[in-house]
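To keep things clear, I will list the structure first and then write my remarks on it.
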Amino acid sequence: AAPVVNSDPQAMFYLSQFGYLNANLKNPGSGNLISEDALISAIKDFQAFAQLNITGVMDDETKEVMSMPRCGVRDKIGTAGRARRRR
Amino acid sequence: YALQGSRWRVKALTYRISSYPRNVKRSEVDAELARAFNVWSEYTDLTFTPKASGQVHIDVRFARGEHGDGDPFDGPGGTLAHAYFPVYGGDAHFDDAESWTFRSYRGTNLFQVAAHEFGHSLGLSHSDVRASLMAPFYRGYDSSFKLHEDDIQAIQSLYGTGKSKNKRPASAQVTEAPEKTIPNDPELCRSGIKIDAIFTESSSTYLFKGDSYWKLTEDGVAAGYPRSISSGWPGLPGSIDAAFTYSKNGRTYFFKGSQYYRFSGKTMDDGYPKMISDGFQGIPSSVDAAFVWSGNGKIYFFKDGQFYRFDPTAKPPVKSTYPKPIANWAGVPDNLDAALQYTNGYTYFFKGGQYYRFNDRTFAVDSADPPFPRAVGPWWFGCNTMNGRGSGMMQ
């Protein structure tokens, strides 16, 4: 099942807020600019991090974990690949 | 665990609570936050000193909504708090709209959330180990909170092990006072004993047989056992086939026939049991043994003369090249009773009153004196006069 990009703005905001989607979704219109592939990839990243079944789909289990109270610090804070390397 | 990339250069850190929550006694907040800092100082040489005036390393504030850092709080639920890594100042902010509580199942436990946030203040990012303190999700009040091994490794990788203090044992396990051991349990000390399952959960090793279970100590069986499975793990039937605890989410999985049961601690998760064919696609019914192998973190299932490797992150989770013959595990027999990844890192296989210690580095059953297989009674259950299994296991 393919997720519909604009169907769940809350989930997209969540994925953006915690570092899974590289987009600023404080502007609601920017959801239109996110490709389906990017969204699926973000959902998969979140599912992998939360130890859920990796489906790429916003299933009930994923929604349930996203609704849990949590820390406001991003889960993804930049990867080693993006970091400046020491010689 | 994950590190953000910055840390404090000094180990004597200071903090101040510059804004307190409404409707909570200041003295209680002071005590809980000091306790939360102590979670980290217990395993390192870090010290945390409250300071009433002047500059401090970590400023702690309770605030509502927008509070000046561009990252507003969202009211009750949702995000509870946030904190800044050392490179950004280390400050910790808590949402004052939450109902902060102490030692209560109601509201949100301040101690646990603060200990988590202070982990960020010290340089730790979120961990993907669900049972760790640095996992991002709040799981409710834990009356027997203990810092997870994942968190200990994380903080010690930044600040060392704290040589000046009396630290935890060298083994990966964090132990409390040694438990009283009862020798010569009549059921376990029968020769040729066939056990159903054995697994380690929260640093304790449990053995299941029929409708009973035993807790194992370092050198035998803990006092007060056996107990009935139905009293210890409500909802779980007797005579299970296999069990393991998955360290990545801290949950224990039990297998019986075509079904499996998932437990968080001693509580069965909602919606269980489920069919093995649904949750563990590619794994057959009525398995003999299951464990997580330290060599790669994957889950292995054994049945008759074959084994299956299950990788939850792969599609399909069991490759088409499985099952494979158990003979691939040099020295391990067919038709096992149970298997276990023990706290010392070795994998142990059990069959008909004997056990085999598998060396995950040489990928073979260890050659040792006395050789494997050995009788489980004296080495695992404290039977007869032999001095427990401890000495043998440590070789």
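Here the protein sequences come in this chain order: A and C. Each residue of the first sequence is one higher than the one before, starting from 1 at the first, in the working numbering. Each residue of the second sequence is one higher than the one before, starting from 1001 at the first, in the working numbering. Where a beta carbon is used, it is the ideal one built from N, C-alpha and C, also for glycine.
query	result
For S1228 of chain C, the residue or residues it bridges with in DSSP	C:S1212
Contacting positions in the region 1076-1103 of chain C - beta carbon closer than 7 Å to chain A	G1077, G1078, T1079, L1080, A1081, H1082, A1083
Neighbour flag for N1038 of chain C against chain A, beta carbons, 8 Å	no
Host alpha helix (DSSP H) of A77 of chain A (start-end)	The sequence as given places Ile at residue 77 of chain A; Ala does not occur at that position. Segment: none, I77 of chain A is in no alpha helix (DSSP H) and carries neither H nor E.
Chain A within 8 Å of Q1112 of chain C, Cβ atoms only	no
S1132 of chain C versus S1247 of chain C - alpha carbon distance	10 Å
K1035 of chain C to E61 of chain A span [Cα, whole Å]	With the sequence shown as reference, residue 1035 of chain C is identified as Arg, and Lys is not the correct amino acid for it. Rounded to whole angstroms, R1035 of chain C to E61 of chain A spans 34 Å at the Cα level.
Short CB-CB distance (under 8 Å) between R1130 of chain C and chain A	yes
Presumed contact (8 Å Cβ cut-off) between D1241 of chain C and D1288 of chain C, rounded CB distance	7 Å
Inter-residue CB distance, E1032 of chain C and F1102 of chain C (contact presumed, cutoff 8 Å)	6 Å
Interface residues of chain C facing G56 of chain A [CB-CB closer than 8 Å]	The premise fails here: G56 of chain A is roughly 10 Å from chain C at the closest Cβ pair, so nothing lies under 8 Å.
Contacts that A38 of chain A makes with chain C (C-beta to C-beta distance below 8 Å)	In chain order: nothing, as chain C lies at least about 20 Å away.
Extent of the continuous alpha helix (DSSP H) run through F1349 of chain C	Unbroken run through F1349 of chain C is the beta strand (DSSP E), 1347-1351; no alpha helix (DSSP H).
Distance CB(A1197 of chain C)-CB(A1375 of chain C) smaller than 8 Å	no
Sequence-distant residues of the same chain with beta carbon closer than 7 Å to E1028 of chain C, five excluded per side	F1102
First and last residue of the uninterrupted alpha helix (DSSP H) at H1116 of chain C	1110-1122
Local conformation of K44 of chain A per DSSP, three classes	helix
Range of the contiguous beta strand (DSSP E) that encloses R1016 of chain C	1012-1019
Contact set for T1014 of chain C: own chain, Cβ-Cβ below 7 Å, skip 5 residues either direction	T1049, K1051, V1056, H1057
In DSSP terms, what D1059 of chain C is bridged to	C:R1016
Exposure label - F1217 of chain C; buried when at least 16 CB within 10 Å	It should be pointed out that residue 1217 of chain C corresponds to Thr in this sequence rather than to Phe. By the 10 Å Cβ count, T1217 of chain C comes out buried.
Proximal chain C residues relative to A48 of chain A, where beta-carbon distance stays under 9 Å	D1128, T1313
Residues of its chain near Q1153 of chain C, where Cβ-Cβ distance is below 7 Å and the 5 sequence neighbours each way are ignored	Y1001
Residue from C:E1117, C:D1142, C:L1003, C:D1304 with nearest C-alpha to G1107 of chain C	C:D1142
Closer than 8 Å to chain A by CB, N1328 of chain C	no
Whole-angstrom C-beta distance between I1326 of chain C and Q1306 of chain C, which should lie under 8 Å	6 Å
Beta carbon proximity, P1021 of chain C to chain A, threshold 8 Å	no
Pair within 8 Å by beta-carbon distance, K1194 of chain C and Y1206 of chain C	no
Below-8 Å beta-carbon distance, P9 of chain A vs any chain C residue	no
N- and C-terminal bounds of the beta strand (DSSP E) containing K1256 of chain C	1251-1256
Local Cβ density within 10 Å of T1402 of chain C, reported as buried at 16 or more and exposed below that	The question about residue 1402 of chain C has no answer, for chain C in this structure spans 1001 to 1395.
Buried versus exposed call for N1384 of chain C [16 or more other C-beta atoms within 10 Å across all chains shown]	exposed
8 Å Cβ cutoff met for F1199 of chain C and T1245 of chain C	yes
Beta-carbon proximity of W1008 of chain C to I1155 of chain C, cut-off 8 Å	no
Nearest-angstrom Cβ-Cβ length linking Y1308 of chain C and V1318 of chain C, presumed shorter than 8 Å	5 Å
Where R1357 of chain C sits in the DSSP three-state scheme	strand
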